[in-house]
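The end of the sequence shown is residue 296 by my numbering, with every number in the run present.
First up is the structure itself, then whatever we jot down about it.
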Amino acid sequence: MPVTREGMRSALDEIMQDSPIQEEKFAQIITTQEQRDEAAMPERLMIYPRQLVTFPNHPFYIRDDEDMSKLKESIMNSGIRTPIEVIRTEEKNERGEDTFYIVAGHRRTHVARQIFPEDHRLEVRIHNMSMDEAIVAMTESNLLTRENILPCERGNALRMEVEARERISNPNNEKYPKNVKTRDLLGETYNMTGRNVQRYIRLSYLIPELQTLIDDNKIGMVTGVELSYLTAKEQRDVWDEMELTAFEHYPNKAQAVAMRKLSKAGTLDMDAVVDIMEVDKPNQIEHVRY
């Protein structure tokens, strides 16, 4: 005679009446895999764009460039065809509505706010994950799908992902075992060497003004890596010297290496920065200092 679900529950009740096993574990025993899979699926909801919040410390710029224009044209013609991926902020906006951090879909949300009326709703998928898990999902979705990623965008994103994965630090995670450097594993994911991953991450230690110069191709990436080892104050001195000379010249690799050595020795002050930056280079214009 087959055992019914009611009979199974009755038998388990007798076995577990004095057991410390939690009701949550008990429920897993008596539910089907299909029911558990359905419960774990992201919830779908229609919400207003005003309920969507930029992911904290989002490392990717929202630029109204040619790619954004193409996305805008696509959405105007076909709408937003895939849901925005989000997690709950556990906070409400000024209208008392639930709000959600965007995990994937910042550019689509940006366009939606431009072209749709205020009462237009967007479909979102609400994921049940920790902030660190959301960071990994956010960086992966962007690094694997975005085109024309700037060096410091990539560096800031890789640093966020490395730090999130190390905080998660699951010793049973076969994909990211503790005895292998996270940067090497990320390199495999993004088709880079672990060394290049580390170089990009170093750019995230630059002050925002120097990061902008890297992304604008005013300073080379290798030079930026060397400058990243300076303290924030020393980097500010480098920026101030460039600003004082109206950005007629920028540090090269040799100058950045020299500044890094003095910084390590604790002797890199403003005078030393000026001396190094004023070493003659090809096409460098002489400046009068006051």
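Glycine included, every Cβ here is placed at the ideal spot set by N, Cα and C.
Since the structure is predicted, the reported quantities are computational estimates derived from the model, not experimental observations.
Please report the residue range of the alpha helix (DSSP H) in which residue i lies.
i: K267; result: 259–271
i: R56; result: Taken as a continuous stretch (DSSP letters only), R56 belongs to no alpha helix (DSSP H), as it is neither H nor E.
i: D218; result: Per the sequence shown, residue 218 should be read as Thr rather than Asp. Segment 214–221, the alpha helix (DSSP H) holding T218.
i: P157; result: 157–174
i: E79; result: 72–84
i: E247; result: 238–250
i: S147; result: 137–151
i: R69; result: Looking at the DSSP string, R69 is not in any alpha helix (DSSP H), and its letter there is neither H nor E.
i: G226; result: Careful: G226 lies outside any alpha helix (DSSP H) and carries neither H nor E.
i: R87; result: Element bounds for R87: n/a, residue is neither H nor E.
i: V285; result: Careful: V285 lies outside any alpha helix (DSSP H) and carries neither H nor E.
Does residue i pass the burial test, meaning 16 or more other C-beta atoms within 10 Å, or should it be called exposed?
i: E159; result: buried
i: S234; result: buried
i: V285; result: exposed
i: S210; result: buried
i: N197; result: exposed
i: I207; result: buried
i: I27; result: Here I27 scores only 42 on pLDDT, less than 50, and its place in the model is too uncertain to base an answer on.
i: E194; result: exposed
i: V228; result: exposed
i: G102; result: exposed
i: R50; result: exposed
i: N223; result: exposed
i: R114; result: buried
Using only CA atoms, which one of the options lies nearest to residue i?
i: M137; options: T151, E254, F106; result: F106
i: H255; options: R242, I225, G272; result: I225
i: T151; options: D73, R101, N202, R208; result: D73
i: I213; options: T199, G230, R205; result: G230
i: F122; options: K78, G272, E247; result: K78
i: D104; options: Y54, N148, E232, D190; result: Y54
i: G85; options: E167, R171, A118, A252; result: A118
i: I108; options: K187, I174, P65; result: P65
i: A306; options: P62, E247, K270, D221; result: The structure shown does not extend to residue 306, since the chain spans only 7 to 296, so no value can be given for it.
i: R5; options: L58, M248, V279; result: Lying outside 7 to 296, the shown extent of the chain, residue 5 is not represented and no answer is given.
Could you tell me which residues DSSP pairs with residue i in its beta bridges?
i: R50; result: R131
i: Y107; result: V59, I93
i: K98; result: D104
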